[in-house]
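Number of protein chains: 2
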Amino acid sequence: MQVDKPLILVTNDDGITSKGIKSLQSVMQEFGEVIVIAPNSAMSGMGHAITINSPLRLQKENIFEGAESYSCSGTPVDCVKLGIYEILHRKPDLIVSGINHGANTATNVLYSGTMSAAVEGAMEGIPSIGFSLCDFDADSDFSNAMKIVRQVTQQVLKNEMPKGVCLNVNIPKGNDVKGLKICRQAHAFWEDRFDKRFDQFNKPYYWLTGDFVEQDTTEDTDLYWIERKYASVVPTQFDMTAYKSIEILENWEL
Amino acid sequence: MQVDKPLILVTNDDGITSKGIKSLQSVMQEFGEVIVIAPNSAMSGMGHAITINSPLRLQKENIFEGAESYSCSGTPVDCVKLGIYEILHRKPDLIVSGINHGANTATNVLYSGTMSAAVEGAMEGIPSIGFSLCDFDADSDFSNAMKIVRQVTQQVLKNEMPKGVCLNVNIPKGNDVKGLKICRQAHAFWEDRFDKRFDQFNKPYYWLTGDFVEQDTTEDTDLYWIERKYASVVPTQFDMTAYKSIEILENWEL
């Protein structure tokens with residue numbers, strides 16, 4: 022191991038055998054020493070969940086060429102914690118998560134295990150990036166996304182990431198991506214529905230489903246640029262304080 | 022049901038049989054029509070997780086005096102979604118989550134299922150509050166916390182909650198709480214460790230553990246006021262954009 026080579030931790034939420042993490046790992050090999058620690062099954066929608074009520078399992082794998090790899094029974098955030106404290110025993114120089122099969126734009130950042138791994142990295146003071154391709158297909162073509170991954174990674178390694186911040190990078194589907202835009206998280210939401218079904222004992226069960234509703238019509242959001250074929254880069258922070266509301270609440274009789 | 026009575030959805034992450042949710046429900050009965058939908062088991066640390074890879078179960082219960090109640094196989098955020106879209110079929114006037122057994126100060130807001138239920142409420146445009154007592158004991162004395170819950174709920178029903186914002190209320194242990202302080206999320210973190218053990222087949226497994234490290238020495242944080250025996254109220258938003266970093270990133274060669 023060369024001293025000047027950055028140590029890069031790769032994770033995701035689609036699971037260690039997904040095509041997206043393989044694409045991400047292969048780009049990262051160009052930049053440094055790579056270690057992959059990712060869930061052993063799909064962990065989409067796990068948000069910032071951590072496993073505290075059951076023990077975690079970690080299994081050494083031999084999946085990636087040139088990179089040590091481990092599958093984990095836990096969530097993406099568990100993977101980051103196990104990576105730093107149990108496998109590496111030091112903080113890596115970079116954490117990358119993805120490439121997610123499907124967009125993590127707008128408020129999806131809160132539900133996304135992929136992005137939560139990057140947010141966890143920011144909490145540890147490590148430059149961290151979550152990458153998502155706006156295509157849910159398990160067999161998506163990641164070749165164009167890999168170019169964007171390369172471009173953003175170069176800049177993150179070259180510049181100093183602002184404190185308490187990670188990057189949420191979403192990449193449009195297709196080969197006609199026009200460029201990159203730095204922007205903000207759109208205020209768009211899921212309009213939830215439940216698909217109610219009945220089991221063999223005639224007891225109901227529910228599948229969460231719904232439509233994504235864009236309520237934000239302003240121009241500087243991730244959704245706005247994705248629709249116009251730009252990759253979006255949203256600097257994302259873990260400080261959830263609504264600073265502008267502090268003054269409003271001061272006028273309440275609390 | 023009187024028309025002027027607010028409809029209040031109660032949830033938590035410690036599970037429907039916990040003492041904290043019982044205390045919260047009993048205070049809410051003073052304010053309106055109450056419906057309880059909470060996890061059927063402990064869901065601490067589930068963050069903003071949603072259940073998308075397995076179906077959800079919902080069971081009518083008869084646990085609370087004066088309130089309809091349902092236990093759910095999913096996460097606190099699942100409970101909020103099921104409550105709105107499958108049980109109530111309309112948005113409640115208020116969502117309250119807790120009273121959590123243990124603090125949700127500082128960055129714990131990201132890991133907390135209790136607070137994520139409140140954040141989900143804010144995403145739905147519903148006034149929402151997460152309450153936590155800084156005492157992990159399953160048999161905590163909630164009597165003093167209930168006074169703070171009453172006081173904050175009165176103000177939330179009386180005033181207009183800022184858009185996109187919910188409240189994170191933490192209450193110190195004991196009967197000597199001095200008052201309430203509106204403040205910001207402290208930048209304190211877990212210094213994680215894993216307790217590595219071996220099972221009967223000599224295979225390793227890991228329990229997540231660690232110490233909470235206060236790195237934020239400024240005066241206006243939730244941790245600062247909790248230590249001084251004040252209840253903390255942090256307005257909390259789901260917009261995670263690091264606005265101040267947008268300009269910094271504009272100077273990168275992206």
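Heads up: the protein sequence lines correspond to chains A and B, in order. Counting in this note's numbering, the first sequence tops out at residue 275, every number present. Counting in this note's numbering, the second sequence tops out at residue 275, every number present. Backbone N, C-alpha and C fix where the C-beta goes; we use that ideal spot for every residue, glycine too.
At least one CB of chain A lies nearer than 8 Å to the CB of B/W228. Residues of chain A whose Cβ lies closer than 7 Å to the Cβ of B/W246 do not exist; the shortest such Cβ separation is about 12 Å.
Counting only Cβ-Cβ distances below 8 Å, B/L201 has contacts in chain A at L275, in chain order. Against chain B, the beta carbon of A/M144 has neighbours under 7 Å at T128 and F210, listed in chain order. With a cutoff of 8 Å on beta-carbon distance, A/Q80 and A/N61 are scored as near each other. A contact is defined here as three or more CB-CB pairs under 8 Å, and the region 141–160 of chain B meets this definition with respect to the region 119–133 of chain B. Under a 10 Å Cβ-count criterion, B/T230 is classified as exposed, with fewer than 16 other Cβ atoms of the shown protein chains found around its own Cβ. Taking 8 Å as the cut-off, the Cβ atoms of A/I29 and A/V117 count as close.
Residue B/V101 holds the alpha-carbon nearest to the alpha-carbon of B/R111 among B/V101, B/N74 and B/M49. Here DSSP, grouped into helix, strand and coil, assigns A/Q206 to coil. B/T242 and A/Q206 have their alpha carbons spaced roughly 25 Å apart. Nearest to B/E248 by C-alpha distance, out of B/N83, B/K199 and B/F210, is B/K199. In the DSSP assignment, B/D99 falls outside any beta strand (DSSP E) and within the unbroken alpha helix (DSSP H) covering P97 to L103.
If you look at B/A252, you'll find it in the beta strand (DSSP E) that goes Y251 to Q258. Look at B/N165 here: in three-state DSSP terms it is helix. Contact annotation: B/T257 and B/N189 have beta-carbon atoms nearer than 8 Å.
According to DSSP, residue pairing for A/W228 in a beta bridge involves A/D216.
Selection A/R78, A/T72 and A/M64 evaluated against B/I73 yields A/M64 as nearest (Cα-Cα).
Judged by DSSP secondary structure, A/K81 falls within the beta strand (DSSP E) whose first and last residues are L79 to E82. At a cut-off of 8 Å between C-beta atoms, A/D237 does not count as an interface residue with respect to chain B. The three-state secondary structure of B/S44, taken from DSSP, is helix. Of all C-beta pairs linking the region 35–52 of chain A to the region 86–93 of chain A, three or more are shorter than 8 Å, placing the two stretches in contact. Residue nearest to A/M261 within the set B/A127, B/Q50, B/S92 and B/N180 is B/A127 (criterion: CA-CA distance).
In the DSSP annotation of this structure, the continuous segment of the alpha helix (DSSP H) that includes B/T135 starts and ends at G134 to M144. Among the residues of chain B, those whose CB is under 8 Å from the CB of A/T72 are G66 and L229, following chain order. Residue range E89 to C93 is occupied by the beta strand (DSSP E) that includes B/Y91, with no alpha helix (DSSP H) assigned at that position. Considering only A/I42, A/D197 and A/V254, the residue with the shortest C-alpha distance to A/G119 is A/I42. For the C-beta of A/R111, not a single chain B residue is nearer than 8 Å; the gap to the nearest is close to 13 Å. Not a single C-beta of chain A is nearer than 8 Å to the C-beta of B/Q221.
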